[in-house]
Structures are given as C-alpha cells and as structure tokens.
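Residue numbering for the sequence shown follows our numbering, beginning at 18 and increasing consecutively. Accompanying notes for the structure given below.
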Amino acid sequence: MTDATSSSSARKPKKSEVIEDAVVVEETAVEPAPKPAESSEPRVVEAVVEPEPVRPAQPQVVYVQAPAAPVKKGNRGVGALIALLSALVFTALLAIITAIIGGVATGRFSFGFLAQANFYLPTLFFVIGFVLLVLLANRANWWAYIVGSVVVGLVVYFGTVGAVLLGSGVILRTPDEAAAMFANGLANPIVIAAALLAREVSLWTGSIIARRGRRVKVRNTEAREAWERELAEKKAEHERATAAASSAV
C-alpha cells in the first residue's frame, strides 16, 4: 500500500514544478504605421500634355462676287407701240384722202365709208408690215426704215388688193374675170393712195423709232463699260484678298 502510493505520487509532478516549466508568451500588439500628415496646401498635379501634330497649312479660298453682266436693251417693244400709234395717224389721213377722192369722183364729200369693213383693210396690212419691220430693225439706224418703208407700202398695196378680191369671190370667177378684177384693184386710186401713205408714215415714224434706238445703243454701251470697270475692280480686289490670305498663312 505504501509502495503503490509512493510510486503514484512519484509519477505526478508537483504543482510548483508545472508552473515553473510554463512559458509565458507576451503578445506584442502591432501598432499601425503612422499616416503621413496631410498638408493643408493644395497639391499640384503635373499633367503630361502631348504635342499636337503639326498640320500643313491649308490654302484659304477667297470668294468675291462678280457683278452680273448687263442685259442689252432692245427697241422692239417701244417701237412696236409707236407703230401701233402711227396706225391711228395712218387711218385718219387715209380717211381724209378717201373723202377727197370720193368728193372729186362723185361731187359729194362724205365719210360714210367709215362704216365699211373694206376701208380698214389698208390699216390692217399697215400694222402687220410696220410691226414686222420694227421687230426686224430693232436698234437699226434710219436707213433700215427708209428701205423698209417701201416694203410696208407694198404690203399694204398688194395685201389690200388681195383681200378685196377674196371678199368679192374672185376664186369663183373665170380666169379672165379674175385677171380683170385684179387689174381694177391695182388701179384703184384709194388703194394706191393707201400704199403711198403707208410708205410715208412708216418712213417718218421710223425716224422716231430709229432715234430712240440710237439712245438705247448708247445706254447699252455705257452699261457695258461700267460693268467692265466694276469687273476689273472686283478682280483686283480678289487678287489683293488672295495675296493677303497667302501671306497670313
């Protein structure tokens, strides 16, 4: 009994020995690294700026508006209007001449023919011939109307005769009768007077139209010269602007 107790007591370590053999490990707290003190001054961040590629200079285009070329003015419109007004003069003079011829032939001075349509046939052909002459002559000189007035007289002469014959039914007559009617028409004093009167009226009225045509030509020439001067100035201005743009580049 005593031996067993002593052996068990020998195997058990003493309390004091256990405490002595214990190793006390002290844990050291790891303190965080101190943060750098923030400065109250603003920080300057340097940015790296890449240089822009050099582009070749582009030529500058300078626009200068060129003046519009003047349009040549004609004499046809006003000339045709004058020709129509002269037809009134022609008709009035023809009425007086017809009344005189009728008075000489019959011994009675009358204007009863004014109610007849055939009386106005010369006026119709006068308007046609004279207006066509004005349209063709336009700004021509008086010589064009001197020659053209003869044509106007012929238009009135043969046009009136032909219209009267057609109105009389010449196409229904025999050739001999048609020839006789044509000869009588050509010898009609009123028709001859109308042709001569048409020539004179278109001649002297044509001088008025030709005078205006000369003025129109002068104005056209002046407008053309002014346009050429302005065009030269615009061209010089364009050259100066182009030179200034080139030197600026």
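Glycine residues also receive a C-beta, built at the ideal position from the N, C-alpha and C atoms.
Spatially closest choice to residue i from the options, by CA coordinates
{"i": "L98", "options": "L110, Q133, R246, L149", "result": "L149"}
{"i": "F143", "options": "A122, F128, A100, N155", "result": "A100"}
{"i": "V106", "options": "A211, T238, R232, A243", "result": "A211"}
{"i": "Y174", "options": "N158, A196, G146, S264", "result": "G146"}
{"i": "N158", "options": "W221, A197, V208, I117", "result": "W221"}
{"i": "T177", "options": "I188, A196, I209, G186", "result": "I209"}
Simplified DSSP assignment, three categories, for residue i
{"i": "T222", "result": "helix"}
{"i": "N237", "result": "helix"}
{"i": "N201", "result": "helix"}
{"i": "K89", "result": "coil"}
{"i": "P192", "result": "helix"}
{"i": "R246", "result": "helix"}
{"i": "F126", "result": "coil"}
{"i": "G120", "result": "helix"}
{"i": "E34", "result": "Residue placement at E34 is poorly supported in this model, since its pLDDT is 44, which falls under 50; the coordinates still yield a value, given next. E34: helix per DSSP, three-state reduction."}
{"i": "E157", "result": "The question names Glu, but residue 157 in the sequence shown is Ala. Here A157 sits in coil by DSSP."}
{"i": "G186", "result": "coil"}
{"i": "P139", "result": "helix"}
{"i": "P206", "result": "helix"}
With 16 other Cβ atoms within 10 Å as the buried cut-off, status of residue i
{"i": "F128", "result": "exposed"}
{"i": "N92", "result": "buried"}
{"i": "P84", "result": "exposed"}
{"i": "T287", "result": "Given a span of 18 to 266 for the chain in the structure shown, any question on residue 287 remains unanswerable."}
{"i": "V235", "result": "exposed"}
{"i": "T140", "result": "buried"}
{"i": "A227", "result": "buried"}
{"i": "L111", "result": "buried"}
{"i": "Y214", "result": "For clarity, residue 214 is Leu in the given sequence; the question names Tyr instead. Per the 10 Å Cβ criterion, buried."}
{"i": "R257", "result": "exposed"}
{"i": "V169", "result": "buried"}
{"i": "G223", "result": "buried"}
{"i": "N156", "result": "This sequence places Arg at residue 156; Asn is not what is there. That one is buried."}
Residue i to residue j span [Cα, whole Å]
{"i": "G124", "j": "T115", "result": "13 angstroms"}
{"i": "E245", "j": "R232", "result": "20 angstroms"}
{"i": "Y137", "j": "K90", "result": "34 angstroms"}
{"i": "G119", "j": "A132", "result": "15 angstroms"}
{"i": "G179", "j": "G202", "result": "8 angstroms"}
{"i": "A249", "j": "S264", "result": "23 angstroms"}
{"i": "E217", "j": "I225", "result": "13 angstroms"}
{"i": "A200", "j": "V172", "result": "17 angstroms"}
{"i": "V164", "j": "A104", "result": "19 angstroms"}
{"i": "T108", "j": "S166", "result": "16 angstroms"}
{"i": "A154", "j": "G184", "result": "33 angstroms"}
{"i": "P206", "j": "E194", "result": "20 angstroms"}
{"i": "S219", "j": "A260", "result": "60 angstroms"}
{"i": "V151", "j": "A161", "result": "9 angstroms"}
{"i": "A86", "j": "E239", "result": "12 angstroms"}
{"i": "V95", "j": "G230", "result": "10 angstroms"}
{"i": "R241", "j": "E254", "result": "20 angstroms"}
{"i": "N135", "j": "V181", "result": "7 angstroms"}
{"i": "F126", "j": "A204", "result": "22 angstroms"}
{"i": "K252", "j": "V88", "result": "21 angstroms"}
Near the ligand GTP: residue i beta-carbon under 6 angstroms from a heavy atom
{"i": "L171", "result": "In the structure on display, the ligand GTP does not appear, and there are no ligands present to speak of."}
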